[in-house]
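So the protein sequences, as listed, match chains C and L. The opening position of the first sequence corresponds to residue 1 in the numbering used here, with each subsequent residue numbered one higher. The opening position of the second sequence corresponds to residue 261 in the numbering used here, with each subsequent residue numbered one higher. Accompanying notes for the structure given below.
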Amino acid sequence: MPVSKILIIDDEWESAIVKAVQRRLRDEGWNTIIVQPQSQWMVGEEFETAAIYAIEDERPDGVLLDVRLGEHRDDQFKGLEILRQIVERYPALPVLMFTQYAQGPARDTAVRGALRWNAPVDFIDKLASPEEVVLRLRRLMGSSPDIIPIGAHLLVDVGAETVSARQDRAGTLTPVTDIHGMKFEIFRELAAAWYRSPGELVPFSRLERYSEGEEARASLRVRIREIKVSLGKALGIQLGANDLIVNVRDRGYRLTPPQM
Amino acid sequence: MPRVGIRPVGPGGLARLLGALILVFGVANLAVAPVVGEAMFARLWGIEPLTYMGAALVILGLAITSLAYLVSDIVRSRHRASDEDRRFAERWTQVTQQYFDLFNHDLGRPLRRIVGKEREIREQLQAAGSDIHPSIRELLDEIEEQTPSFRLMMSNIQVLIELETPNTGEHLHAVEPAEVVRRIVDRYSLVAADASKQIVWWSEPTEFGIVYCDSSAIEHIVTNLVDNTVRYAESFAEIGLTRDEKSFYIRVWDDGPGIAARYLPYLFDRGWTPEVARHEERTSSGLGLFIAHSLAKRYGGDLTVESITEPDSDHHTSFTLTLPLRRAPAWNAGEPVA
Chain C
1 MPVSKILIID DEWESAIVKA VQRRLRDEGW NTIIVQPQSQ WMVGEEFETA AIYAIEDERP
61 DGVLLDVRLG EHRDDQFKGL EILRQIVERY PALPVLMFTQ YAQGPARDTA VRGALRWNAP
121 VDFIDKLASP EEVVLRLRRL MGSSPDIIPI GAHLLVDVGA ETVSARQDRA GTLTPVTDIH
181 GMKFEIFREL AAAWYRSPGE LVPFSRLERY SEGEEARASL RVRIREIKVS LGKALGIQLG
241 ANDLIVNVRD RGYRLTPPQM
Chain L
261 MPRVGIRPVG PGGLARLLGA LILVFGVANL AVAPVVGEAM FARLWGIEPL TYMGAALVIL
321 GLAITSLAYL VSDIVRSRHR ASDEDRRFAE RWTQVTQQYF DLFNHDLGRP LRRIVGKERE
381 IREQLQAAGS DIHPSIRELL DEIEEQTPSF RLMMSNIQVL IELETPNTGE HLHAVEPAEV
441 VRRIVDRYSL VAADASKQIV WWSEPTEFGI VYCDSSAIEH IVTNLVDNTV RYAESFAEIG
501 LTRDEKSFYI RVWDDGPGIA ARYLPYLFDR GWTPEVARHE ERTSSGLGLF IAHSLAKRYG
561 GDLTVESITE PDSDHHTSFT LTLPLRRAPA WNAGEPVA
């Protein structure tokens with residue numbers, strides 16, 4: 001599985017808030033590179049040069065970019081100038097603006113002036129939790145990866161169409177052979193929704209596409225039960241009604257990683 | 261080559277032109293009265309009525325012209341005053357926004373340090389391999405829980421400044437409502453989980469697509485609703501996104517104790533909170549729902565509430581945001597910005 005590379009451009013890279021985000025990005029399995037201008041006196045222009053050079057040199061998969069780079073009045077929106085250059089030179093490169101200006105006129109100016117509606121650029125508040133930063137970056141970099149890890153014990157390989165499980169964190173992931181065909185498709189849908197947004201529920205109407213016969217809902221229920229039995233066996237635990245795949249108010253299902 | 265434009269003549273200009281024409285005709289009448297009078301009537305007595313008529317026309321022309329000048333002057337000065345008022349209001353908003361940005365930045369800095377340190381402590385405790393003592397975890401959670409409230413408070417003030425600016429137009433662009441809801445759920449999921457509450461969302465159709473609206477406005481309205489919901493839900497909160505031919509709807513539902521029917525008419529009033537009615541100490545500013553409701557109305561939609569209170573077993577509160585499905589703005593031939 002290729003490791004994603006995230007470039008962090010922030011003048012406060014030693015701050016606890018940036019470090020917490022950096023650690024969470026590493027936990028996600030991503031490489032982080034911090035852009036540091038050569039000069040001791042960090043002004044916006046030096047960040048601009050260093051950032052563009054680093055993108056050229058490192059070819060990152062995503063960028064986390066602050067808006068205010070330096071304390072000078074002219075540097076207040078330097079990050080937006082860097083953003084404009086990135087959008088112009090590397091239009092496909094996902095950029096997450098990590099800033100206190102996540103809303104309001106600064107964001108609106110940047111958005112109206114430089115971006116098209118489908119540009120892979122988003123804004124997030126500096127007070128956002130590291131988890132929120134990871135989720136937002138995941139979606140910017142591609143909502144359906146080939147490999148979806150669900151907690152430490154389950155892994156969905158979309159390309160190979162397999163679900164693997166292990167009972168211990170240190171153990172080896174073993175494919176669960178019972179989950180294939182329609183059952184795999186159902187589990188893949190649930191895993192992809194969870195990966196995009198852990199609170200996302202997949203409505204019955206979407207999952208019923210993978211059911212057969214006139215009683216699509218009943219058939220879906222049976223398949224979900226079978227998936228839970230197979231995965232419970234592979235994980236060595238008994239999965240109850242509120243574990244792993246949960247029916248939410250009879251509207252759809254959502255995935256919750258197994259608590260082990 | 262510079263273009264030469266013809267400025268359309270307004271009613272004031274037409275009145276002045278008419279007055280001038282009458283005036284010229286009157287003067288001409290006076291000038292030719294002796295000649296024409298004598299020629300027409302072969303006697304001098306014909307001069308007098310023509311002179312009177314010329315004089316009357318001169319007076320009428322002068323009156324119309326003066327009146328037209330006077331009226332347009334009054335109208336112009338009123339326009340000038342309202343333009344000055346508008347410019348002043350815009351300038352006031354700009355200055356307020358600048359001060360607010362400064363305030364937000366400087367107030368946010370210590371808060372970011374506190375939150376950063378809190379996250380560091382949490383990680384160090386986890387790395388040490390020891391379970392965090394429940395009371396310490398509670399303290400750390402409390403700091404973490406206050407951050408979304410701070411973020412919301414700051415953006416509420418920002419939106420309030422905008423709302424109080426006269427003549428602020430709508431900012432329509434392409435928005436993915438599902439992505440907006442996703443972001444809000446990202447923000448509140450951890451807070452809800454810390455309080456042993458579950459927050460889920462869904463959209464029907466699953467591929468909801470784009471609508472033309474203001475993403476900041478939708479995000480702001482729904483964030484206020486979700487912030488309330490997470491606070492008052494007993495164990496479960498749900499956000500549903502649906503659409504029909506004319507509108508799209510975002511419903512925020514929670515299984516909380518419900519809002520008493522007597523409070524519902526005041527819910528969207530500025531500064532109103534249940535504590536105000538009970539003469540208790542206020543725990544919130546009472547601005548969130550007022551702003552949410554005002555924004556919904558500004559974008560041609562509505563925000564409604566429905567609630568069933570305890571002891572009914574189906575107690576809940578449900579807010580529904582309705583916004584019209586608009587066409588792409590005419591100024592944007594291609595895909596608009598988001």
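Heads up, the beta-carbon is just placed ideally off N, CA and C, and yes, glycines get one too.
query                                                                                                                           : result
Contact with chain A by residue 201 of chain C, beta-carbon distance below 9 Å                                                  : The chain inventory of the structure shown lacks chain A, comprising the protein chains C and L.
Same chain, Cβ closer than 8 Å to residue 259 of chain C, five either side skipped, listed in chain order                       : 243
Alpha-carbon spacing of residue 424 of chain L relative to residue 524 of chain L, whole angstroms                              : 25 Å
Among C:139, C:22, C:206 and C:164, the one whose alpha carbon lies nearest that of residue 151 of chain C                      : C:164
CB of residue 307 of chain L within 9 Å of CB of residue 293 of chain L, strictly                                               : yes
Any C-beta of chain L under 9 Å from that of residue 254 of chain C                                                             : yes
Short Cβ contact (9 Å threshold) for residue 252 of chain C with residue 462 of chain L                                         : yes
Other residues of its chain near residue 276 of chain L: CB distance less than 6 Å, five sequence neighbours each side excluded : 325 and 328
Straight-line Cα distance separating residue 406 of chain L from residue 529 of chain L                                         : 24 Å
Residue 394 of chain L to residue 496 of chain L span [Cα, whole Å]                                                             : 23 Å
Proximity to residue 460 of chain L [Cα-Cα], best of L:371, L:442, L:402 and L:536                                              : L:442
Within 9 Å, strictly: CB atoms of residue 210 of chain C and residue 189 of chain C                                             : yes
Boundaries (first-last residue) of the beta strand (DSSP E) holding residue 509 of chain L                                      : 507–514
Contact under 9 Å by Cβ, residue 141 of chain C with residue 29 of chain C                                                      : no
Candidates C:221, C:203, C:214 and C:14: closest to residue 254 of chain C by CA position                                       : C:203
Sufficient close CB pairs (3 or more, under 8 Å) joining the region 566–575 of chain L to the region 473–492 of chain L         : no
Assigned exposure category for residue 348 of chain L - 16 Cβ within 10 Å defines buried                                        : exposed
Beta strand (DSSP E) runs contained entirely in the region 367–435 of chain L, provided each spans 3 or more residues           : 433–435
Cβ pair count under 8 Å reaching 3, the region 152–162 of chain C against the region 121–134 of chain C                         : no
Inter-stretch contact at 8 Å, needing at least 3 Cβ pairs: the region 441–458 of chain L / the region 558–569 of chain L        : no
Test: residue 11 of chain C CB closer than 9 Å to a CB of chain L                                                               : no
Closer than 9 Å to chain L by CB, residue 127 of chain C                                                                        : yes
Among C:147, C:170 and C:167, the one whose alpha carbon lies nearest that of residue 159 of chain C                            : C:147
Short CB-CB distance (under 9 Å) between residue 135 of chain C and chain L                                                     : yes
Residue ranges of each beta strand (DSSP E) within the region 318–361 of chain L, 3 or longer                                   : none
Cβ-based neighbour list, residue 272 of chain L, same chain, cut-off 6 Å, excluding 5 preceding and 5 following                 : 328 and 332
For residue 121 of chain C, the residue or residues it bridges with in DSSP                                                     : C:95
Proximal residues to residue 485 of chain L (C-beta, below 6 Å), its chain only, five neighbours per side dropped               : 512 and 579
Min CB distance residue 131 of chain C to chain L below 9 Å                                                                     : yes
Spatially closest choice to residue 173 of chain C from C:183, C:162 and C:181, by CA coordinates                               : C:162
Cβ of residue 16 of chain C within 9 Å of any chain L Cβ                                                                        : yes
Limits of the alpha helix (DSSP H) - the one that residue 246 of chain C falls within                                           : Per DSSP, residue 246 of chain C belongs to no alpha helix (DSSP H); it is in the beta strand (DSSP E), 245–248.
Burial state of residue 549 of chain L (16 or more Cβ within 10 Å)                                                              : buried
Rounded C-alpha distance that separates residue 535 of chain L from residue 541 of chain L                                      : 6 Å
Cβ-Cβ separation, residue 480 of chain L to residue 215 of chain L (assumed contact under 8 Å), whole Å                         : Any question about residue 215 of chain L goes unanswered here, given that chain L covers just 261 to 598.
Any C-beta of chain L under 9 Å from that of residue 100 of chain C                                                             : yes
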